[in-house]
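First comes the structure, then the notes that go with it.
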Amino acid sequence: MNISLTSELDEWVLNKVKSGMYKSSSEVIREGLRLLLQRDLQKQAMLDELRTELLIGCRQLDAGKSQVFDDSLIRTIKEQGRQRSGL
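If you're matching positions, the sequence shown starts at 23 in the working numbering and goes up one per residue.
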(Lines of atoms letter the chains of each structure in order from A and count residues from 1; the text may use other names and numbers.)
(Lines give C-alpha, C1' and ligand atoms only; values in the text may rest on other atoms or scores of the structure.)
Protein backbone atom coordinates (compact mmCIF):
# COMPACT_ATOMS: atom_id res chain seq x y z
CA MET A 1 0.00 0.00 0.00
CA ASN A 2 1.25 3.46 -0.84
CA ILE A 3 -0.07 6.51 1.01
CA SER A 4 0.33 10.12 -0.11
CA LEU A 5 0.28 12.84 2.54
CA THR A 6 0.14 16.59 2.30
CA SER A 7 3.41 18.31 3.14
CA GLU A 8 1.94 19.45 6.47
CA LEU A 9 0.89 15.94 7.47
CA ASP A 10 4.19 14.50 6.28
CA GLU A 11 6.09 16.97 8.45
CA TRP A 12 3.82 16.25 11.41
CA VAL A 13 4.39 12.50 11.08
CA LEU A 14 8.16 12.98 10.82
CA ASN A 15 8.13 15.19 13.93
CA LYS A 16 6.29 12.47 15.85
CA VAL A 17 9.01 9.98 14.89
CA LYS A 18 11.81 12.47 15.70
CA SER A 19 10.27 13.13 19.12
CA GLY A 20 10.72 9.46 19.98
CA MET A 21 7.02 8.87 20.51
CA TYR A 22 7.01 6.46 17.57
CA LYS A 23 9.70 4.30 15.99
CA SER A 24 8.54 4.82 12.42
CA SER A 25 6.13 6.70 10.19
CA SER A 26 4.16 3.47 9.84
CA GLU A 27 3.56 3.41 13.60
CA VAL A 28 2.17 6.95 13.48
CA ILE A 29 -0.17 6.05 10.61
CA ARG A 30 -1.28 2.81 12.32
CA GLU A 31 -2.05 4.71 15.53
CA GLY A 32 -4.07 7.24 13.57
CA LEU A 33 -6.02 4.49 11.84
CA ARG A 34 -6.67 2.73 15.17
CA LEU A 35 -8.05 5.98 16.59
CA LEU A 36 -10.20 6.50 13.50
CA LEU A 37 -11.55 2.96 13.80
CA GLN A 38 -12.29 3.52 17.50
CA ARG A 39 -14.10 6.77 16.70
CA ASP A 40 -16.14 5.08 13.97
CA LEU A 41 -17.13 2.27 16.35
CA GLN A 42 -18.15 4.78 19.01
CA LYS A 43 -20.25 6.72 16.50
CA GLN A 44 -21.94 3.52 15.36
CA ALA A 45 -22.67 2.53 18.96
CA MET A 46 -24.18 5.96 19.61
CA LEU A 47 -26.32 5.70 16.47
CA ASP A 48 -27.48 2.22 17.46
CA GLU A 49 -28.43 3.48 20.92
CA LEU A 50 -30.25 6.46 19.44
CA ARG A 51 -32.18 4.21 17.07
CA THR A 52 -33.15 1.95 19.98
CA GLU A 53 -34.34 4.90 22.07
CA LEU A 54 -36.24 6.30 19.09
CA LEU A 55 -37.95 2.96 18.52
CA ILE A 56 -38.93 2.82 22.20
CA GLY A 57 -40.38 6.33 21.94
CA CYS A 58 -42.33 5.48 18.80
CA ARG A 59 -43.77 2.37 20.44
CA GLN A 60 -44.77 4.42 23.49
CA LEU A 61 -46.50 6.96 21.24
CA ASP A 62 -48.32 4.17 19.40
CA ALA A 63 -49.46 2.80 22.76
CA GLY A 64 -50.79 6.20 23.80
CA LYS A 65 -48.06 6.73 26.39
CA SER A 66 -47.16 10.31 25.65
CA GLN A 67 -47.13 13.57 27.51
CA VAL A 68 -47.25 17.17 26.31
CA PHE A 69 -43.89 18.83 26.95
CA ASP A 70 -44.92 22.26 28.15
CA ASP A 71 -43.97 24.78 30.84
CA SER A 72 -45.99 22.88 33.44
CA LEU A 73 -44.11 19.66 32.78
CA ILE A 74 -40.77 21.49 32.89
CA ARG A 75 -41.66 22.95 36.30
CA THR A 76 -42.67 19.50 37.54
CA ILE A 77 -39.42 17.93 36.33
CA LYS A 78 -37.36 20.70 37.95
CA GLU A 79 -39.23 20.33 41.23
CA GLN A 80 -38.74 16.57 41.25
CA GLY A 81 -35.04 17.10 40.61
CA ARG A 82 -34.77 19.57 43.48
CA GLN A 83 -36.55 17.15 45.81
CA ARG A 84 -34.22 14.32 44.84
CA SER A 85 -31.12 16.45 45.38
CA GLY A 86 -32.43 17.86 48.65
CA LEU A 87 -32.57 21.49 47.49
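The beta-carbon is built from N, C-alpha and C at its ideal position, and this holds for glycine as well.
Review point. Using the C-alpha atoms, what's the distance from G103 back to Y44?
Key: 49 Å
Review point. Of all the options S94, V50 and G79, which has the alpha carbon lying nearest to the alpha carbon of D32?
Key: Per the Cα distances, V50.
Exercise for review: Verify whether the separation of the beta carbon atoms of V39 and S46 is less than 9 Å.
Suggested key: yes
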